[in-house]
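Scroll down for the structure; my scribbles are underneath it.
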Amino acid sequence: DVYCQTPSICILERMVDACAAAIILNNAATTKQLPPETAVHVLSALAKPLNALAKLFASDTTTTVAAVAGREKAARILNTALHSLGHVCSIIVDCFASPSWSVVELLPVSRLASLATASFS
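Note that this note's numbering gives residue 210 to position 45 of the sequence shown, counting from 1, and the numbers run on in steps of one.
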């Protein structure tokens, strides 16, 4: 099963989970803190392998138990990545509306989030 057995998928899953932890778990929206630039940058860099995973996920129609479990794993990885990116964008929008943040502080993370969004297509 390509989804569960390859080291690449395991590494991708761990990297996406680490980004999600840095962006979501350690950065509650109520704190109005920008997510770490490093986490957003890594998430952006993962767009190409995530796209490849999504294409594989969409084209695989195998119905074996292992294939179904693999698609569930792929869906979880993709959902985590997209949820994290959505959270980043939501925080940025909230911070732009807040007078306590300057544009100079927001632009680096905003640029990375834009690159990540563009890269996911």
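For every residue, glycine included, the Cβ atom is placed at its ideal position computed from N, Cα and C.
Quick check: the Cα distance between residue i and residue j, rounded to an integer number of angstroms?
i	j	result
Val-205	Ile-188	8 Å
Pro-200	Ala-283	18 Å
Thr-181	Leu-211	Going by the sequence as given, residue 181 is Val instead of Thr. For Val-181 and Leu-211, the distance between alpha carbons rounds to 8 Å.
Leu-221	Pro-264	44 Å
Pro-190	Arg-179	The residue you asked about is not Pro; residue 190 is Leu in the sequence shown. So the alpha carbons of these two residues sit roughly 15 Å apart.
Phe-261	Glu-202	16 Å
Ala-194	Gly-251	Residue confidence for Ala-194 is low, a pLDDT of 49 falling below 50, so the modelled location carries little weight and cannot support an answer.
Gln-198	Pro-172	34 Å
Ser-267	Ile-257	11 Å
Thr-226	Arg-241	17 Å
Ala-278	Ile-174	23 Å
Asp-166	Glu-270	Below a pLDDT of 50, predicted positions are generally treated as unreliable, and Asp-166, at 46, falls in that range; no measurement from the model is reported.
Leu-272	Ala-281	14 Å
Is it true that the CB of residue j sits closer than 8 Å to the CB of residue i?
i	j	result
Ala-234	Leu-215	no
Relative to the C-alpha of residue i, which candidate in the options has its C-alpha closest?
i	options	result
Ile-176	Val-253, Lys-238 and Asp-225	Lys-238
Ala-163	Ala-231, Arg-236 and Lys-213	Any answer about residue 163 is impossible in this case: the structure gives the chain only from 166 up to 286.
Ser-286	Trp-266, Ala-219 and Arg-276	Ala-219
Ala-185	Asn-244, Ile-174, Ala-232 and Leu-280	Asn-244
Ser-255	Val-269, Val-274 and Ala-240	Val-274
Leu-208	Val-230, Glu-270 and Ala-183	Ala-183
Can you tell me where the alpha helix (DSSP H) with residue i in it begins and where it stops?
i	result
Ser-249	230–262
Ser-279	268–284
Ser-209	202–210
Ser-265	Looking at the DSSP string, Ser-265 is not in any alpha helix (DSSP H), and its letter there is neither H nor E.
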